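Position in the sequence shown counted from 1, then plus 15, gives you this note's numbering.
Ideal placement from N, C-alpha and C gives every residue a C-beta, glycine not left out.
Just so we're clear, the structure is a prediction, and the values are computed from it rather than from any experiment.
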Amino acid sequence: MKNNLLRKIPKMDNLLNDLPDHYKVRFDNIHVKKTIKKILNQFRIQIQSGQIETFENSDIMNQIVIELDKMIEFTFKRVINGTGIVLHTNLGRAVISDAIIEEVSPLMTHYNTLEYDVETGRRGIRYQHIEEKICAITGAEAALIVNNNAAAVMLVLNTLAQNKEVIVSRGELVEIGGSFRVPDVMKASNSKLVEVGTTNKTHLKDYASSIHEDTGLLMKVHTSNYKILGFTSSVDASELVELANHNKIPLYEDLGSGLIVDLSPYGFTDEPLVQDSIAKGIDILSFSGDKLFGGAQAGFIIGKKIYIDQIKKNQLLRAFRIDKFSLAVIDRTLNHYFSPSYAMQHIPTLKMLVISQQEIKDKVSEFIKTFENRLSHSNIIITGIETIAEVGGGALPLERLTSYGISIVHEKSLNTIQNNLRKFKVPIVSVIINDQLVLDFRTISEDEFDDLVSGLEYAVAGGHHA
16 MKNNLLRKIP
26 KMDNLLNDLP
36 DHYKVRFDNI
46 HVKKTIKKIL
56 NQFRIQIQSG
66 QIETFENSDI
76 MNQIVIELDK
86 MIEFTFKRVI
96 NGTGIVLHTN
106 LGRAVISDAI
116 IEEVSPLMTH
126 YNTLEYDVET
136 GRRGIRYQHI
146 EEKICAITGA
156 EAALIVNNNA
166 AAVMLVLNTL
176 AQNKEVIVSR
186 GELVEIGGSF
196 RVPDVMKASN
206 SKLVEVGTTN
216 KTHLKDYASS
226 IHEDTGLLMK
236 VHTSNYKILG
246 FTSSVDASEL
256 VELANHNKIP
266 LYEDLGSGLI
276 VDLSPYGFTD
286 EPLVQDSIAK
296 GIDILSFSGD
306 KLFGGAQAGF
316 IIGKKIYIDQ
326 IKKNQLLRAF
336 RIDKFSLAVI
346 DRTLNHYFSP
356 SYAMQHIPTL
366 KMLVISQQEI
376 KDKVSEFIKT
386 FENRLSHSNI
396 IITGIETIAE
406 VGGGALPLER
416 LTSYGISIVH
426 EKSLNTIQNN
436 LRKFKVPIVS
446 VIINDQLVLD
456 FRTISEDEFD
466 DLVSGLEYAV
476 AGGHHA
């Protein structure tokens with residue numbers, strides 16, 4: 016029986032001839048033959064083990080086609096974020112507006128002025144595109160932009176404190192996602208960490224008593240992803256400015272998230288403004304481009320020109336330089352910040368942070384009104400529900416945003432529906448809270464409604480299109 020089945024397996028040439036034409040165009044013979052060989056070997060093994068007792072040639076071709084499709088399937092794809100976490104690190108952090116992508120697209124599909132000065136006809140500098148803007152917005156003397164904030168920290172330390180000591184409060188020795196730790200970055204940058212104070216209390220005298228001839232930098236790190244509460248004290252940046260100036264040592268602050276617009280009218284009071292830190296006289300600041308700033312992944316380094324000029328000469332800068340797409344997005348995002356009210360209206364991250372619960376509730380009501388009948392055909396019951404959203408992205412860790420969403424009820428288990436939602440052509444990320452499958456609409460836009468409904472139908476149909 017097994018031998019008969021093995022003899023029935025078609026030849027390579029026959030399968031090549033029968034392969035649909037569009038696969039012959041999309042793949043060369045090397046990849047096709049390798050795939051066919053792989054599938055044929057799998058069939059032989061399954062026949063010999065008794066797993067396959069009968070088959071048709073079409074069964075083999077179907078497996079070949081599935082394998083070829085997997086090769087060119089995109090795993091990096093758009094996702095519907097139903098978690099309510101605005102700056103979701105795993106889902107790409109800040110969302111870029113359609114308007115900005117439309118403006119940036121021609122720069123990617125054509126040549127551009129990345130490093131070309133149209134005035135002189137000579138080579139330009141990619142950082143010049145944003146330096147004047149960020150300085151005008153923040154009050155800094157000079158600016159530089161690199162591929163992320165980790166690179167910014169590395170560059171500052173390596174340039175200004177190589178083979179020197181950097182004084183940091185023990186309460187500010189942060190670790191962020193991906194095991195990025197301040198002490199480890201210092202070691203990699205060839206600077207030496209000097210810890211002062213205790214985890215919960217650090218005083219100005221702790222910094223002052225640790226300064227000597229080997230001190231290269233005073234460093235302050237904004238604890239953007241955690242808070243130490245209770246019996247605590249820390250040294251304000253303005254006090255450290257005086258100490259640094261008196262000792263002729265530069266003061267560097269890593270702000271992390273990079274907030275440009277004052278969000279205190281909306282109840283966010285725990286995140287320092289970039290402009291305020293510059294106004295206090297801090298020598299160098301760094302922050303991210305894809306967190307509260309609301310742009311692409313990038314790392315800003317801004318501050319006193321004397322220090323920025325030194326950083327620009329560091330040979331590591333070439334390894335950390337920003338790419339043309341991110342630079343174009345940052346450039347256009349900066350344009351929004353010349354008017355804070357305009358930024359609030361047009362930067363998706365800021366809009367999602369400050370939208371009221373009532374506005375989200377209205378969005379949910381419209382969704383239910385539009386799609387309730389359609390979903391009922393799949394026996395899906397949706398109900399509006401109050402939720403708690405988060406800022407995310409290592410920013411404002413104590414903030415909880417009153418939000419609104421839907422809970423989903425169906426005869427299938429919640430875990431099954433949740434897993435199937437993730438497998439939809441546009442993956443839908445949901446949360447299970449108090450035995451309810453929940454989608455928070457703070458992070459779901461109206462233009463995603465059709466895909467959301469189709470995804471729900473797909474999920475309750477057992478991962479098949481209804």
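Can you tell me whether DSSP reads V250 as helix, strand or coil? coil
Once you ignore the five residues that flank Q177 on each side, which residues in its own chain have a CB closer than 8 Å to its CB? Sequence-distant partners of Q177 (beyond 5 residues in either direction) whose C-beta falls short of 8 Å from its own C-beta, in its chain, are S204, N205, S206, G231.
Answer yes or no: do I499 and T458 have a C-beta to C-beta separation smaller than 8 Å? Absent from the model: residue 499. The displayed extent of the chain is 16 to 481, so no value can be given.
Which residue's Cα is closest to the Cα of F283: S303, I95, L365? L365
Can at least three beta-carbon pairs, one atom from the stretch 83-96 and one from the stretch 338-356, be found at a separation below 8 Å? No, the stretch 83-96 is not in contact with the stretch 338-356.
Alpha carbon to alpha carbon, what distance is there between G408 and L170? 22 Å
Shortest alpha-carbon distance to K220 belongs to which of Y281, K202, S184, N29? S184
Taking the beta carbon of M27 as the centre, do at least 16 other beta carbons fall within 10 Å, making it buried, or is it exposed? M27 should be labelled exposed.
Chain-order list of residues whose beta-carbon lies under 8 Å from that of T238 (same chain, five-residue window excluded): G186, E187, V189
Applying the criterion that 16 or more other CB atoms from any shown protein chain within 10 Å of the CB defines a buried residue, is D462 buried or exposed? By the neighbour-count rule (16 or more Cβ atoms within 10 Å), D462 is not buried but exposed.
Neighbourhood of H218 by C-beta, 8 Å cutoff - its chain only, sequence neighbours within 5 removed: G212, S248, V250
How would you label R138, buried or exposed, when you count the other beta carbons within 10 angstroms and need 16 or more for buried? exposed
Opposite A155 in the DSSP bridges: which residues? Residue pairing by DSSP leaves A155 without any beta bridge partner.
Helix, strand or coil, according to DSSP, for N32 in the structure here? If DSSP states are grouped into helix, strand and coil, N32 belongs with the helices.
By the DSSP assignment, the alpha helix (DSSP H) with F386 in it spans what residues? 372-391 is the span of the alpha helix (DSSP H), which, as asked, contains F386.
For D488, the first and last residue of its enclosing alpha helix (DSSP H): Because the chain here runs from 16 to 481, residue 488 falls outside it and cannot be looked at.
Thinking C-alpha only, which one of F464, L278, S428 is nearest T385? Answer by Cα proximity: F464.
Just grab the DSSP bridge partners of Q290 for me. Looking at the DSSP assignment, Q290 forms no beta bridge with any residue, so it has no partner.
Considering only C-alpha positions, which residue in the set I51, R93, L106 is nearest to K306? L106
With a CB to CB cut of under 8 Å and the five nearest residues on each side skipped, what residues in its chain are close to Q57? Q78
Enumerate in chain order the residues of its own chain whose CB-to-CB distance from L175 is below 8 Å, with the five nearest sequence positions on each side excluded. G231, L232, P265, Y267, I299, Y322, Q325, I326
Relative to the C-alpha of F340, which residue among I24, K202, L21, L129 is closest? Here the closest residue by C-alpha is L129.
Out of E254, V47, R41, E426, which has the shortest C-alpha to C-alpha gap to Q451? E426
Measuring only between beta-carbons, confirm whether K39 sits less than 8 Å from chain C. Here chain C cannot be found, since the structure has a single protein chain.
Start-to-end residues for the alpha helix (DSSP H) that takes in L20: Note, L20: alpha helix (DSSP H), 17-23.
Nearest-angstrom Cα separation, counted from I140 out to V197: 30 Å
Per DSSP, T230 forms a beta bridge with which residues? E180
Go to T417, then tell me how far its beta strand (DSSP E) extends in each direction, as first and last residue. 416-424
Contact belief for V276 with M234 at Cβ below 8 Å, rounded distance in angstroms: Incorrect: roughly 26 Å between the Cβ atoms, too far for contact.
For S422 and D455, I'd like the C-alpha separation in whole angstroms. The straight-line gap from Cα to Cα measures roughly 9 Å.
What's the call for A334, buried or exposed, on a 16-neighbour Cβ count within 10 Å? exposed
Buried or exposed: H103, going by 16 or more other Cβ atoms within 10 Å of its Cβ? buried
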